[in-house]
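Worksheet: the structure to be examined is printed underneath.
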Amino acid sequence: MSDSAREVTERYINLYRNVPAARPGVCHICHSGPNDSSYAVCDGCRDTMKNVRRPTRHVVPVSLCVKRDDQLYDIVSRSGIQSQRRLGPDRTAFLAATISRFYSAHALCLKRVAGGDFTMVTTVPSTRSGEPLPAFHPMPKAIRMIAALKDLYRPVLWPGVGAAVVGPRESNEDAFEVMGRIDGKVVLLVDDIFVTGAHVQSAASALHRAGAASVTVLVVARLINPKHNRANNTIWTQACAEPFSFDRCCLCSTP
Ligand SMILES: [Zn+2]
Ligand SMILES: [Zn+2]
Numbered sequence: 009m010s011d012s013a014r015e016v017t018e019r020y021i022n023l024y025r026n027v028p029a030a031r032p033g034v035c036h037i038c039h040s041g042p043n044d045s046s047y048a049v050c051d052g053c054r055d056t057m058k059n060v061r062r063p064t065r066h067v068v069p070v071s072l073c074v075k076r077d078d079q080l081y082d083i084v085s086r087s088g089i090q091s092q093r094r095l096g097p098d099r100t101a102f103l104a105a106t107i108s109r110f111y112s113a114h115a116l117c118l119k120r121v122a123g124g125d126f127t128m129v130t131t132v133p134s135t136r137s138g139e140p141l142p143a144f145h146p147m148p149k150a151i152r153m154i155a156a157l158k159d160l161y162r163p164v165l166w167p168g169v170g171a172a173v174v175g176p177r178e179s180n181e182d183a184f185e186v187m188g189r190i191d192g193k194v195v196l197l198v199d200d201i202f203v204t205g206a207h208v209q210s211a212a213s214a215l216h217r218a219g220a221a222s223v224t225v226l227v228v229a230r231l232i233n234p235k236h237n238r239a240n241n242t243i244w245t246q247a248c249a250e251p252f253s254f255d256r257c258c259l260c261s262t263p
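Here it is, written out as structure tokens:
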């Protein structure tokens, strides 16, 4: 991790919120709150995983975020022209710094669930048609700023015939296509924000279909709605009550 990654993330350290480890009341996939705390998986993950043939069970968010009055959400979700008008950090530099610092602290946690060293890093492309990809998706640029990941980066995913129908909870087997075969690759799939997982689960299934040995998803922010159910409320209240630390993650902290 570079000194600038530490500097940027320290400057905005108060924006991050710790992601809880999987436990009763915390979804084992995305770490949000299930409707019933006896469920291991939340209703969003249940839906997005059942729509595709080969979803992944490994989703690792760096931070939680919420939609209202949350600067992390504003930074991570802002797009294109809008971002240039608003104050705050450069979005691409912020994403790169966050991923860089998290990866340098938790590469072993990620590799443990992946089943080995990563042999490919990729990102989820925009599925909005008619929009120039680079303007709306800073993630490829962010990955190229991270020394530990840039040499493994391959932009293999492209919108497929089912891209237009991906929506909240609507993952789709044909949403993405993979350019060529990626047999045996241990893939780290990086994205900015996880809402229901429709995009990353569609992408994970496409990567598996093309031969990936495993797909581990690293997202900067997991968006939750504390009003959705009691478990989400508990998770968010707890996350706001404690200081954030890059020394722990949802894989290595104790539940
Ligand atoms: Zn979930
Ligand atoms: Zn960890």
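For the sequence shown, the numbering used here gives the first residue as 9, with consecutive numbering after it. We put the beta carbon where it would ideally sit given N, CA and C, even for glycine.
| Query | Result |
| --- | --- |
| Do the CB positions of residue 34 and residue 243 come within less than 8 Å of each other? | yes |
| Using a threshold of 8 Å, state whether the C-beta atoms of residue 64 and residue 177 are closer than that. | no |
| Does ligand 2 have even one heavy atom less than 7 Å from the beta-carbon of residue 226? | no |
| Run the proximity test for residue 259: is its beta-carbon closer than 7 Å to any non-hydrogen atom belonging to ligand 2? | yes |
| What are the complete alpha helix (DSSP H) segments, minimum 4 residues, inside the segment 102-173? | 141-144, 147-151, 155-158 |
| Would you say residue 170 touches ligand 1, meaning its beta carbon is less than 7 Å from a heavy atom? | no |
| What residue range is occupied by the uninterrupted beta strand (DSSP E) comprising residue 206? | No beta strand (DSSP E) holds residue 206; the alpha helix (DSSP H) holding it covers 206-217. |
| CB-CB under 8 Å to residue 99, same chain, minus the five flanking residues each way: which ones, in chain order? | 83, 84, 86, 91, 146 |
| Give me, in chain order, the residues of the same chain whose beta-carbon lies closer than 7 Å to that of residue 250; leave out the 5 immediate sequence neighbours on both sides. | 26 |
| Return yes when at least one heavy atom of ligand 1 lies under 7 Å from the C-beta of residue 52, else no. | yes |
| Exposed or buried, which one is residue 263 when buried takes at least 16 other CB atoms within 10 Å? | exposed |
| Any heavy atom of ligand 1 inside 7 Å of the beta-carbon of residue 46? | no |
| How is residue 91 classed by DSSP in three states: helix, strand or coil? | Here the model assigns residue 91 a pLDDT of 48, short of 50, so the residue's position is not dependable, and the following value carries that caveat. Of the three classes helix, strand and coil, the one that applies to residue 91 here is helix, per DSSP. |
| Mind checking residue 142: buried by the 16 CB within 10 Å criterion, or exposed? | Note that residue 142 scores a pLDDT of 49, beneath 50, so its modelled location is shaky; the value from the coordinates is reported in the next line. By the 10 Å Cβ count, residue 142 comes out exposed. |
| Give me the Cα-Cα distance between residue 187 and residue 161, rounded to the nearest whole angstrom. | 14 Å |
| My output table needs one value for residue 175: the three-state DSSP class, helix, strand or coil. | strand |
| Under DSSP, the alpha helix (DSSP H) around residue 30 begins and ends at which residues? | Note, residue 30: premise wrong, no alpha helix (DSSP H); not H, not E. |
| If you draw a straight line from the C-alpha of residue 16 to the C-alpha of residue 200, how long is it? | 17 Å |
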